[in-house]
Ligand code: FPP
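Numbering (my numbering), first residue to last: 22 to 275.
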């Protein structure tokens, strides 16, 4: 079955509004081809384009991609530099295409501590796409959940000390409002490629009720058909949010 045939099986009334993706397996893919790891990352950019187009075709509103984690700084220096160069180049090369497709670029993470060139290019692209009303492409850059939660807790503590807030007002909505994802709904679906079954410090708070989709496919091989299939699998799940099956199924007429 080709991608369009898989797409046509999707129920358009229950497409997730927000899908988050851990793009994993670039290095292994490149090694399988007898190439340097960075070849996997550059080929992975093609999968980003595919998934973005696929999201647009079926009306996904938010796509969050884990592009660089706070732990990725521990990789060899040459790989970190190559990844940063790739991000800078991809972001600047794609502005025109993002605008043509009405994609709005956004970012979450510790952006102030990105290399200056990367940060400046990112802010430029965010500004140039800010009026677009199509898919919101949220890049998680220098991001980790533990960084985000620590940052939020410090901010809450500061607001209490400055009497802008009292401890009794803290609830889950308030905590969400202090996270870098505050303007966006929580993802309903999280996809991780390459067969690893872990969350790796990504959106830990926001995926409390997300469905998880793990696939063996390596990120550079992940194309529209895989993305659509993940949504079909998601639509077969019963999302109970702590309730029983009987409570969430529409009641049968007597
Ligand atoms: C994980 O594969 C992938 C990354 C750490 C980087 C992902 C970045 C891109 C695909 C570029 C994104 C570009 C834009 C514009 C969003 P890995 O290196 O951990 O693979 P491995 O587990 O096989 O070693």
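Think of the CB as a built atom: it goes at the ideal place given N, C-alpha and C, for glycine as much as any other residue. Predicted, not measured: the structure shown is a model, and the values here were computed from it.
I think residue i touches residue j, with their Cβ atoms under 8 Å apart; what is that distance to the nearest whole Å?
i           : j           : result
residue 170 : residue 226 : 7 Å
residue 211 : residue 41  : 5 Å
residue 73  : residue 124 : 6 Å
At the level of alpha carbons, what is the spacing between residue i and residue j?
i           : j           : result
residue 58  : residue 184 : 50 Å
residue 239 : residue 116 : 26 Å
residue 70  : residue 112 : 12 Å
residue 67  : residue 241 : 7 Å
residue 220 : residue 243 : 18 Å
residue 197 : residue 100 : 33 Å
residue 146 : residue 97  : 28 Å
residue 126 : residue 151 : 7 Å
residue 128 : residue 200 : 12 Å
residue 236 : residue 172 : 32 Å
residue 132 : residue 268 : 43 Å
residue 258 : residue 192 : 29 Å
residue 194 : residue 265 : 24 Å
residue 65  : residue 182 : 45 Å
residue 188 : residue 180 : 10 Å
residue 25  : residue 246 : 8 Å
When you compare each of the options to residue i by their alpha carbons, which one comes out closest?
i           : options               : result
residue 94  : 134, 31 and 85        : 134
residue 233 : 112, 178, 106 and 208 : 208
residue 165 : 60, 43, 53 and 34     : 43
residue 167 : 136, 179 and 130      : 130
residue 45  : 87, 148, 172 and 182  : 87
residue 216 : 37, 24 and 47         : 47
residue 38  : 23, 30 and 77         : 77
Hey, does residue i have any beta-carbon neighbour from chain D nearer than 9 Å?
i           : result
residue 102 : Annotation note: the requested chain D is absent from the structure, which comprises a single protein chain.
- Message: My parser needs the alpha helix (DSSP H) runs of 4 or more residues fully inside the region 44–79; what are they?
- Response: Complete alpha helix (DSSP H) runs here, min 4: 47–53 and 58–79.
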